[in-house]
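Reading through the structure tokens given below for one structure.
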Amino acid sequence: MKAYVSVFRLRFINSLQYRAAALAGIVTQFAWGFMELLAFSAFYRVNPAAFPMTFQQTVNYIWLQQAFLAMFMMWYFDFEIFGAITSGSIAYEMVRPLNLYGRWFSQSAGTRMAKCLLRCPLVLAVALVIPGPLRMSLPPSAGQFALFVLSAALALGVVVSFSMLIYISAFFTLSPAGVRVITAAAVDFLAGGVVPLPFFPDKLRAVAELLPFASMQNMPLRIYSGNIAGTAALEGIALQAFWLAVLMVLGRLWMRRALKKVVVQGG
Numbered sequence: 173m174k175a176y177v178s179v180f181r182l183r184f185i186n187s188l189q190y191r192a193a194a195l196a197g198i199v200t201q202f203a204w205g206f207m208e209l210l211a212f213s214a215f216y217r218v219n220p221a222a223f224p225m226t227f228q229q230t231v232n233y234i235w236l237q238q239a240f241l242a243m244f245m246m247w248y249f250d251f252e253i254f255g256a257i258t259s260g261s262i263a264y265e266m267v268r269p270l271n272l273y274g275r276w277f278s279q280s281a282g283t284r285m286a287k288c289l290l291r292c293p294l295v296l297a298v299a300l301v302i303p304g305p306l307r308m309s310l311p312p313s314a315g316q317f318a319l320f321v322l323s324a325a326l327a328l329g330v331v332v333s334f335s336m337l338i339y340i341s342a343f344f345t346l347s348p349a350g351v352r353v354i355t356a357a358a359v360d361f362l363a364g365g366v367v368p369l370p371f372f373p374d375k376l377r378a379v380a381e382l383l384p385f386a387s388m389q390n391m392p393l394r395i396y397s398g399n400i401a402g403t404a405a406l407e408g409i410a411l412q413a414f415w416l417a418v419l420m421v422l423g424r425l426w427m428r429r430a431l432k433k434v435v436v437q438g439g
């Protein structure tokens, strides 16, 4: 365990050096966040009672989504892992005295956490002080915030464990680009990355909320906003823990199979 913590720490520290990229990302996230909020506000002004979330809950959801973008968005991948598989340098990884699944999991989690830390504080600081109805509010209670923190940690684990399945698929394809692009688009939609899940049609929402994708950004953001609370929040967190365990078991089994069949060409 100590070795994997070291991998996480080293990758976390290494990723903190990309400050210029983080600043550029922050500008983009503010622009996108304001654009989304202005679009939603236009719909809410017509008939606020027609929506499954209050406007303040939607505001909180969108600002948190932008603040924790690097943690929860599926379209972010560690291309160093893809490169190790496609270039053949996986051979060096396989002789190291570390479980490869655990190493890559720690590496991916460390990178996401570092990128989030560079952007999150400034986004939240501005979102909490901007004037008018677009201002983000604090969670309804301290208990709700504690549930949000727990849910966010589990959501990160689910995102990384699902990302591991995409990395492992590269062992069986000539290029990982197709799987990566299609999966990222589908998962972000079903995770509430385009619109929150409560805005989905009832039948689609009922199915989506049982899938592992709803255990990603959907759950912590709705818990913080107060859209999910009490027993429903605890049930959602339990579902997150279930999907995290399932995805990690599947990933480890698939990784074991992939490493038994991998062939590295060259001399």
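In terms of my numbering, the sequence shown is residues 173 to 439.
Beta carbons: idealized from backbone N, C-alpha and C, even for Gly.
Rounded Cβ spacing between residue i and residue j (contact assumed at less than 8 Å)
i    : j    : result
A363 : N390 : 6 Å
F254 : A342 : 6 Å
S213 : P305 : 7 Å
A239 : V321 : Going by Cβ atoms, the distance from A239 to V321 rounds to 14 Å, so no, they are not a contact pair.
Three-state secondary structure assigned by DSSP to residue i
i    : result
I302 : coil
A357 : helix
P312 : coil
A175 : helix
L182 : helix
A363 : coil
P348 : coil
Q189 : coil
M225 : coil
P370 : helix
R307 : coil
F212 : helix
Cβ pair residue i, residue j closer than 8 Å
i    : j    : result
M243 : M308 : no
G423 : I340 : yes
F223 : Y233 : no
Q189 : R291 : no
V330 : L272 : no
L393 : E381 : no
S387 : A327 : yes
Chain-order list of residues whose beta-carbon lies under 7 Å from that of residue i (same chain, five-residue window excluded)
i    : result
F180 : S278, A281 and G282
8 Å CB neighbourhood of residue i in its chain, flanking five on each side removed
i    : result
P303 : none
Where the alpha helix (DSSP H) containing residue i begins and where it ends
i    : result
I409 : G402 to K433
Y248 : First-last for Y248: undefined, no H or E at that position.
N390 : N390 to S397
R377 : D374 to A380
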